[in-house]
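Order-wise, the sequence lines are chains A and B.
Each residue of the first sequence is one higher than the one before, counting from 1 in the numbering used here.
Each residue of the second sequence is one higher than the one before, counting from 131 in the numbering used here.
The beta carbon of each residue, even a glycine, is placed where N, CA and C say it ideally should be.
Please read all numbers here as calculations on a predicted model, not as lab measurements.
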Amino acid sequence: MSVPEELYYTAEHEWVAISDSTARIGITDYAQRALGDVVYVSAPAPGTRVTAGDPCGEVESTKSVSDIYCPADGEVTEVNPEVDDDPGLVNSDPYGAGWLFKIRLDSDDDVPPGLLSAIEYSALIQDEEQ
Amino acid sequence: MPDPQPAALRRTPLTAVHERLGAALTDFAGWQMPLRYRSETAEHQAVRTAAGLFDLSHMGELRVTGDEATAALDYALVSDISAVRVGRAKYTMITGADGGVIDDLIVYRLADSDYLVVANAANAATVAAELASRAGRFKATVSDQTDDYALIAIQGPRSPAILSRLTDTDLTQLKYYAGYPATVAGRDVLLARTGYTGEDGFEIFARPDDATALWEALTEAGEGSGLIPAGLAARDSLRLEAGMPLYGNELSRDITPFDAGLGRVVKLDKSADFVGRAALARRAEQASPRTLVGLIGLTRRVPRHGFAVLWDGAPAGIVTSGGHSPTLAQPIAMAYLSAEAAAAAAITTTQARDDQADDGRLAIDIRGSAEPAMLTRLPFYTRDARGTQGTQG
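Now the structure itself:
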C-alpha cells in the first residue's frame with residue numbers, strides 16, 4: 001500500500017499536495033483498492049467555493065460510491081480533464097495522473113489544519129485493516 | 131455487552147488458492163469468496179473476449195435420488211422435470227404455495243432417478259429443507275452434498291479451446307445445458323455446459339480434494355489464451371449485462387416467475403400437480419402489475435439496487451440491479467416498473483429514439499437527483515453465434 005511521504009492526508013482517504021497556496025487533491029492508493037475500479041468522478045466545478053469537511057464530489061466505482069470531502073477552505077481552480085475521460089487513472093496512478101482537482105487555499109498557512117502526515121495516515125489504515 | 135462473535139465464514143476448497151493469488155475476499159452468503167483478483171473490469175472483459183476462471187464452490191448441491199425422484203421433483207418444482215433427459219440440465223424454480231419464488235435452480239439429470247439440484251448459496255439450506263419436506267410423500271431421498279463438491283466455472287469464447295487441452299470428451303457434443311461425467315486433467319468430474327455470464331462456458335463439479343489441481347491445470351492450459359481468474363464482482367456485472375436474474379435482487383418470495391418475465395419456466399400443463407400450481411395458474415391469467423425492464427442511464431451516475439425509478443417525477447418502480455456496463459460503457463439497470471409506466475415509457479422511448487432525443491420523463495433517483503434513463507430490451511448484451519462480442523439494446 002503506497003503512502004508517499006511528501007503528501008498530506010485526510011481520514012476520508014484523500015491525499016493533498018500543497019505548493020504555493022494551491023492544494024492538489026486525489027484519493028489514496030488504499031481508497032482506490034477498497035473502492036475497486038472507478039467508473040465516474042464528480043468533482044466541483046472551477047470557481048466553486050469549498051469548505052473544509054464538506055462533501056464536494058463523489059467517486060463512483062463498479063460496486064459503490066464515496067463522497068469526496070474537501071480537505072481545506074478555498075476556491076476550486078482546476079479539475080483534471082483526463083480523469084473525466086478515463087476514470088481508471090484513479091486506480092492505475094492515484095497519486096499522479098489520477099489527481100482529481102485543485103483549490104486555491106484561503107489561508108496563507110503552509111498546511112491547512114487537521115491534515116494527517118504520511119506516518120499518521122499509515123497508522124490509520126493499519127487500524128482500519130484490522 | 132460486546133457484539134456476539136460473527137459466525138466463522140465458510141471456506142471453499144480453493145480459498146487458500148485465492149489468498150495466494152492476492153484476491154480481495156468478501157463475505158458472500160456466509161462464505162469467504164473472491165470479490166476480485168486485480169481489476170474486476172479486466173476480469174469482465176477477459177470473460178467477454180477470452181476466458182475467466184471462477185470458484186463457485188459456495189453454490190448449494192442437493193442430490194435427489196430414489197425410485198420416485200422424478201415424481202418428487204415434478205411435484206416440488208415448477209418445470210416438467212420428467213421431460214429432462216439423462217445428461218441434460220434445466221433452469222427452473224421452486225416456489226411457495228402462493229407462487230412466490232423460493233429460489234431459482236439448475237437441475238442436472240445424472241441418471242434416470244438421480245438428480246443434482248444446484249441452489250444459490252444463501253438459499254441452499256432452505257431449499258434442502260423444502261425439497262426434503264416435499265419429497266416426503268415419495269420414494270425419494272434428498273441430501274445436501276454442498277460440502278462434497280467443488281465447483282469451478284470456465285467461461286468465455288476461448289473456454290472450449292482451453293478445456294479441450296485437458297479432456298478427451300468431445301466438447302462439440304456437449305450441448306448448452308447438458309452435463310455428464312467426464313475426465314478433466316485426469317480427475318473424474320461432472321462436466322456441464324452451463325453458466326451465468328452470457329458467454330459460452332463450462333461448469334465443472336469436482337471432488338474437493340481435486341479442486342486445487344483442477345484450478346492449476348486450467349490456469350496452465352489457459353496461459354497464452356488470455357484466461358484469468360475472475361471474482362464475484364465480474365460475475366455480477368457479466369450476468370447483469372446478460373439480463374440474468376439474481377435471487378435477492380430480481381427474484382424473491384414476493385415475486386412470481388411471471389413478474390420476472392420468466393413465466394416460460396412454469397409448466398402449468400404438466401401432468402403432475404405441483405406446489406404453487408393454483409396460485410401460478412391464476413397469475414398466468416392476469417396482467418402483471420409490474421414488469422422487469424432494462425434501463426440505460428443517460429448520465430454517468432450509476433443506478434444501484436433499491437433506487438427509485440421515476441416517471442414524470444413520481445415513483446413508478448425500483449431498481450433491482452444496477453451497475454456500470456463495461457461492454458456498453460454506460461450505466462445499466464434492471465428494474466421493476468409499474469405496468470402503466472412501462473407501457474408509457476415504451477411508447478415515448480420509441481419516439482425519443484426516432485428524433486435522437488430523450489424527453490426526460492423516465493429517470494432514476496440517484497441520491498436525490500433525477501438522472502434521465504432510457505428503456506431498453508433485455509438482455510443488454512448477447513453474444514453472437516460465433517461467440518464473439520455483440521450487443522443488443
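List the residues that DSSP assigns as beta-bridge partners of residue i.
i	result
H454 (chain B)	B:P461
Q416 (chain B)	BP columns for Q416 (chain B) are empty, so no partner.
I68 (chain A)	A:G57
G182 (chain B)	B:Q285 and B:I358
Taking the CB atoms as reference points, tell me whether residue i and residue j lie closer together than 8 Å.
i	j	result
C70 (chain A)	V83 (chain A)	no
T142 (chain B)	D185 (chain B)	yes
T276 (chain B)	A254 (chain B)	yes
A180 (chain B)	G354 (chain B)	no
L348 (chain B)	I284 (chain B)	yes
S163 (chain A)	D86 (chain A)	Outside the displayed span of chain A (1 to 130) sits residue 163 (chain A), for which this structure offers no information.
V108 (chain B)	G190 (chain B)	Past the edges of chain B, shown from 131 to 523, lies residue 108 (chain B), and the structure says nothing about it.
T48 (chain A)	K102 (chain A)	no
R264 (chain B)	R239 (chain B)	no
R178 (chain B)	L246 (chain B)	no
V79 (chain A)	P46 (chain A)	yes
E350 (chain B)	G36 (chain A)	no
A411 (chain B)	L398 (chain B)	yes
D340 (chain B)	R317 (chain B)	yes
G393 (chain B)	G331 (chain B)	no
L144 (chain B)	G160 (chain B)	no
L370 (chain B)	S499 (chain B)	no
A475 (chain B)	W441 (chain B)	yes
G26 (chain A)	L100 (chain A)	yes
L225 (chain B)	V214 (chain B)	Position check: residue 225 (chain B) holds Thr in this sequence, whereas Leu was assumed. No; because the gap between Cβ atoms is not below 8 Å, this pair is not in contact.
Go ahead and label residue i buried or exposed: buried means 16 or more other beta carbons lie within 10 angstroms of its beta carbon, across all protein chains shown.
i	result
A227 (chain B)	exposed
R413 (chain B)	buried
Y306 (chain B)	exposed
T313 (chain B)	exposed
M223 (chain B)	buried
A472 (chain B)	buried
D514 (chain B)	exposed
P433 (chain B)	buried
E5 (chain A)	exposed
D210 (chain B)	buried
A280 (chain B)	buried
A487 (chain B)	Reliability fails at A487 (chain B), whose pLDDT of 46 lies under 50, so the model's placement of it is uncertain and the value that follows must be treated cautiously. It is exposed - the Cβ of A487 (chain B) has fewer than 16 other Cβ atoms within 10 Å.
S2 (chain A)	exposed
I18 (chain A)	buried
G98 (chain A)	buried
P94 (chain A)	buried
E128 (chain A)	exposed
E329 (chain B)	buried
G406 (chain B)	buried
S367 (chain B)	buried
Pop quiz: residue i and residue j are said to be a contact at Cβ under 8 Å. What is the actual Cβ separation, rounded to whole angstroms?
i	j	result
Y205 (chain B)	F510 (chain B)	At roughly 36 Å, the Cβ-Cβ gap does not stay under 8 Å, so Y205 (chain B) and F510 (chain B) are not in contact.
A372 (chain B)	T327 (chain B)	6 Å
P164 (chain B)	H148 (chain B)	4 Å
A409 (chain B)	G229 (chain B)	4 Å
L425 (chain B)	T506 (chain B)	7 Å
P359 (chain B)	L428 (chain B)	That pair is no contact at about 34 Å.
D495 (chain B)	A438 (chain B)	4 Å
V76 (chain A)	P44 (chain A)	5 Å
A201 (chain B)	A402 (chain B)	7 Å
(message) When you compare the segment 352-368 of chain B with the segment 385-405 of chain B, are there three or more beta-carbon pairs, one atom per stretch, that lie closer than 8 Å?
(response) no
(request) Determine contact between the segment 152-160 of chain B and the segment 295-310 of chain B, defined as no fewer than three beta-carbon pairs at a distance below 8 Å. (result) no
(request) Answer yes if the segment 33-45 of chain A comes into contact with the segment 61-80 of chain A, meaning at least three C-beta pairs across the two stretches below 8 Å, and no otherwise. (result) Contact holds: three or more Cβ-Cβ distances are below 8 Å.
(message) Using 8 Å as the cut-off, can you tell me whether the segment 308-321 of chain B makes contact with the segment 105-121 of chain A, which would need three or more C-beta pairs spanning the two stretches below that distance?
(response) These segments do not touch.
(message) Can you confirm whether the segment 84-91 of chain A touches the segment 1-12 of chain A when touching is taken to mean that 3 or more C-beta pairs between the two stretches lie within less than 8 Å?
(response) no
(message) Three Cβ pairs or more, each shorter than 8 Å: is that satisfied between the segment 260-271 of chain B and the segment 335-348 of chain B?
(response) no
(message) Does the structure place the segment 368-383 of chain B close enough to the segment 234-250 of chain B that three or more beta carbon pairs sit under 8 Å?
(response) yes
(request) Check whether the segment 417-437 of chain B touches the segment 458-465 of chain B, counting contact only when three or more Cβ pairs, one atom from each stretch, lie closer than 8 Å. (result) yes
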